[in-house]
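> Heads up, the sequence shown is in the numbering used here, so the first residue is -8 and it goes up one at a time.
Here a beta-carbon is modelled for each residue, glycine too, at the ideal position from N, C-alpha and C.
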Amino acid sequence: MADYPSINLALYAQTDVGMVRSGNEDNFLILDLSSGKSWTANEEEPQELLTYSQGYYGSLLAVSDGMGGALAGEVASRMAVETVRDRMLQLQAHEVYGKMSFSERLRLSIEEANLLINGESQTNPAHKGLGATFTAVATHGNNVYFGQVGDSRAYLIRQGRIYRITKDQSLVQQLIDAGQITEEEAETHSYRNVILQALGAHNNVNVEVNTLSLCQMDTLLLCSDGLSGKMNQDEMVRIVNQAGDFKSACQQLIRLANERGGEDNITVVLAQFSGAGLPLSNDVTPHSLARSPDTPTEINWSAGAKTDPLDDASQTSPAADSKATEPLPPPPTQATPFTARLQRDSANLPRTNDLSDRRGPITAVFSVEELDDPRLSSQSQSSSSTAPLDRGTSPLHPADTSSTLNPQSGRTSNSGAHTSASRVSKKSSRPNLLIFIGLLVLGVAGLVVSATSYFRQQRQERDAQQQAQLKLQAEHQKEKEGRIGRLRDKIAEINKKLQANDKPSLKEKREAWNQSLNKLSLRLDEVNQMSSEELAQISLACDEINQELKKIEDEVNSLQGLLPPSLSNRDPIKV
């Protein structure tokens, strides 16, 4: 077995329920693809995966944020990490799929998780509507691949600086890309929780895959929006750089998110890469990888000749040499499937003209033959045969063999006249048919033009309303930030005055004022968390805080001789 430069990993992962939720719907995955050893949020912390040398097959880190209510979110995130774990191990050991590129195996594994979660959502009423975000970071040699679905995030910390690699698949991210809002406005936008993609939402999912090269001492940070929604990336990198180890870094990040509200579950994964197999520096710009046209939409395990079936999950293959270049034995399969696969093959469905079970509106369709109404011919025939004959001016001629006497009825039968009238009727119906078709075409064209104009107008009105709403939200946000900023400045100014007056006799009063100012500062933090749409409540809260600050400021000023001495004996304000 050939040797190759070593790459070492040091990592830690932690998830927390937060301060509001009753259950944790987040999950994470740490997977050594060479040994098959893994760690998820449902398992005990494995010491052998906190530091290890990366083998031939590489490593995989992932974070998943479940959704769906009740226990469905927890089920979705667990299905996501476990399915991707199992499929990555199975694909690399497969005779055919093992020859696919590493990035396409990652993409196919995530797509397979989407199919399973979507099937569970459709077949199990208790799990209807479940879904999950999924952010994966897979390393192979010194290359790292990012797989993204939803709004969990992956960051790269290189030489003390942090770079956001993945892009949220969310509504506010589209507004940012369109230049309609800023990154700061997106943090408080009313639609900040609306995502455009999730595993299980539909049969198909677009997995965004990017790649770049790892460098010496690079650190990857993966997190759910429970963390990224509570702090900016500069705060993240400062905590990671100052922490003594990754475990304490994870704990400090989660603690800060909880201190700021902790309304959502919080998950963090940190991993640092080192070793002779990594260069000192490289380009930090990720490159997008389009889906290969050769990648199948679903996995067919019978593909390829003489492919051995995968072993049972209870028979875990032994750990491979970290420097192996030969394929590993087949990895374990998933022990218990989450649900039965949906039957997607429509080739064997019976074909019928019965439309009773057809879904959606059915448009009426007419053939040309159906437009040639036989009632037109019968009307022409009737008018021809029943017209009175003027015997004085139009006597019957013996030579006219078309007119015969019916001996049984005694009536005259004029079959030639009937035939002629029928032919005239058919000839006259064809121009009518062409006129009808022409009018129909003109009518349809008019409807199309009218509908196009209507929808264009509706879209313009909707865009105008959205622009007006965004503008109003921006104004409210600006007013909110201005009021809160002025109050913070006033608190800082009062604190400065208190620090300048260090008389021992005023120590007790200074402590009371400091305590009051700290409480008012915490109230400002709560007001800052309110949506800018609640401007009336924000204004009311700011006015109350301002009144309290005015009382404290008057008392502090009285100590410095800026107010009449009569105010100097007032007790400190208790907030």
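1) Is G59 closer than 8 Å to N109 when the C-beta atoms are compared?
2) Note down, in chain order, each residue of its chain lying with its Cβ closer than 6 Å to the Cβ of E254, except the 5 sequence neighbours on either side.
3) Pick out whichever of V547, L24 and G122 has its Cα sitting closest to the Cα of L97.
4) Please classify K221 as buried or exposed, where buried requires at least 16 other C-beta atoms within 10 Å of its C-beta.
5) Closest to Q139 by CA distance: which of L280, E111 and V435 is it?
6) Tell me which same chain residues have a C-beta within less than 6 Å of the C-beta of A129, skipping the five on either side of it?
7) Could you give the DSSP three-state label for D142: helix, strand or coil?
8) So, Q164 versus K158, is the Cβ gap smaller than 8 Å?
9) Using three-state DSSP, classify G122 as helix, strand or coil.
10) Determine the extent of the beta strand (DSSP E) in which Q263 is found, giving its start and end residues.
11) Contact defined as beta carbons within less than 8 Å: I believe A262 pairs with L41. What is the distance between those atoms, to the nearest angstrom?
12) Leaving out five residues on either side along the sequence, give the residues of the same chain with a beta carbon under 8 Å from the beta carbon of I167.
13) Between which two residues does the alpha helix (DSSP H) harbouring S507 extend?
14) So what's S385 in DSSP terms, helix, strand or just coil?
15) Compute the Euclidean distance between the alpha carbons of K119 and A71, then round it to the nearest angstrom.
16) Can you tell me whether K487 is buried or exposed, with buried defined as 16 or more other CB within 10 angstroms of its CB?
17) Starting from I21, trace the beta strand (DSSP E) both ways and give me its first and last residue.
18) Tell me whether N201 is buried or exposed, calling it buried when 16 or more other Cβ atoms sit within 10 Å of its Cβ.
19) Should K469 go down as buried or exposed, given a rule of 16 or more other Cβ atoms within 10 Å for buried?
20) What residue from Q45, K541, Q188 and Q464 has the CA that sits closest to L269's CA?
21) If you draw a straight line from the C-alpha of I290 to the C-alpha of C214, how long is it?
22) In angstroms with no decimal places, state the Cα-to-Cα distance between G170 and L461.
23) Where does the unbroken alpha helix (DSSP H) through T202 begin, and where does it stop?
24) Rounding to the nearest angstrom, what Cα-Cα distance links N47 and I(-2) in this structure?
25) Label L433 either buried or exposed according to how many other C-beta atoms from any shown protein chain fall within 10 Å of its C-beta, with 16 as the threshold for buried.
26) When you compare only the Cα positions, how much space is there between V435 and S204?
27) Buried or exposed for E95, please, with buried defined as at least 16 other CB atoms from any protein chain shown within 10 angstroms of its CB.
28) Under the criterion of a Cβ to heavy atom distance below 7 Å, does A129 qualify as lining the ligand SAM?
29) For R251, which residues of its own chain have a beta-carbon under 6 Å away from its beta-carbon, when the five flanking residues on both sides are left out?
30) Would the beta-carbon of C206 fall within 8 Å of that of S272?
31) If you count every other CB in all the chains shown that lies within 10 Å of the CB of D336, and 16 or more means buried, which is it?
32) Within 10 Å of its beta-carbon, does G151 have 16 or more other beta-carbons around it, so buried, or fewer, so exposed?
33) Taking only the alpha-carbon atoms, compute the straight-line gap between F264 and Q233 and give it to the nearest angstrom.
34) Counting only the same chain and skipping the five closest in sequence on each side, list residues whose C-beta sits under 7 Å from that of N105.
35) For the putative contact between L218 and L187, defined by C-beta atoms under 8 Å, what is the C-beta separation to the nearest angstrom?
36) Kindly indicate which residue of S523, Q224, G437 and V54 has the alpha-carbon position closest to the one of I257.
This is what the structure holds:
1) no
2) V11
3) L24
4) buried
5) L280
6) L51, L97 and Y136
7) coil
8) yes
9) strand
10) I257 to S265
11) A262 to L41, Cβ: 10 Å. No contact.
12) T173, E174 and A177
13) K498 to Q520
14) Note that S385 scores a pLDDT of 37, beneath 50, so its modelled location is shaky; the value from the coordinates is reported in the next line. Coil.
15) 16 Å
16) exposed
17) D17 to D23
18) buried
19) exposed
20) Q45
21) 29 Å
22) 12 Å
23) It is not in any alpha helix (DSSP H) - T202 instead sits in the beta strand (DSSP E) that spans E199 to S204.
24) Reading off the sequence shown, one finds Tyr at residue 47, where the question assumed Asn. Going from the Cα of Y47 to the Cα of I(-2) covers about 10 Å.
25) exposed
26) 57 Å
27) buried
28) With respect to the ligand SAM, the structure offers nothing, as it holds no ligand at all.
29) K221
30) yes
31) Confidence is the limiting factor: at D336 the pLDDT is only 38, short of 50, which leaves the residue's position unreliable and the question unanswerable from this model.
32) exposed
33) 18 Å
34) L190, G191 and V196
35) L218 to L187, Cβ: 21 Å. No contact.
36) V54
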